[in-house]
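Student: In our numbering, the protein residues as written are 243 to 392. All residues carry an ideal CB built from backbone N, CA and C; glycine is no exception.
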């Protein structure tokens, strides 16, 4: 009870007092899951604004002043610059292996010397200047995600 006021400062949803009851914990987990919103990226297409679930974007390609968003066998495009998205998406496990590509690390299947292969079979070039940093970011992602097998 003494920490109730501090809870408002950290946006606490609920307090569980020890000993924790399984039913109370389950209720809290359901509440958290319900409040969790799926992150979206809003892009401007020729048809208007479109929201794409961030978790579905495999990669983004830049060519001829257009950005192509590849997700779930769909390709959306808009005019824009890769730099507009690269910085904000870096916090969301996206990395830029090449000037023209921004890849979601979750979808990387294989990392080769000068390219990578995504789970959908797409081949993405890795520039010499970005090879070392991409490799480091990829292995860091794997170690955080628990998918690294030594």
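Could you tell me the boundaries of the beta strand (DSSP E) in which residue 327 lies?
Tutor: Premise fails: residue 327 lies in the alpha helix (DSSP H), 325 to 332, not in any beta strand (DSSP E).
Student: The beta strand (DSSP E) that contains residue 292, what's its start and end?
Tutor: Where residue 292 is concerned, the enclosing beta strand (DSSP E) stretches over 290 to 295.
Student: When you compare the segment 343 to 357 with the segment 371 to 389, are there three or more beta-carbon pairs, one atom per stretch, that lie closer than 8 Å?
Tutor: Yes, since at least three Cβ pairs between the segment 343 to 357 and the segment 371 to 389 fall closer than 8 Å, the two stretches touch.
Student: Let's test the definition: count the other Cβ atoms within 10 Å of the Cβ of residue 300 and tell me whether it reaches 16, buried, or not, exposed.
Tutor: That one is buried.
Student: Should residue 339 and residue 309 be called a contact, given that it needs their Cβ atoms to be closer than 8 Å?
Tutor: No, the pair does not count as a contact, with Cβ atoms beyond the cut-off.
Student: Have a look at residue 371 and residue 289 and give me their C-alpha separation to the nearest angstrom.
Tutor: Cα to Cα, residue 371 sits roughly 37 Å from residue 289.
Student: Can you look up residue 257 in the DSSP assignment and give me helix, strand or coil?
Tutor: Reduced to three states, the DSSP call for residue 257 is coil.
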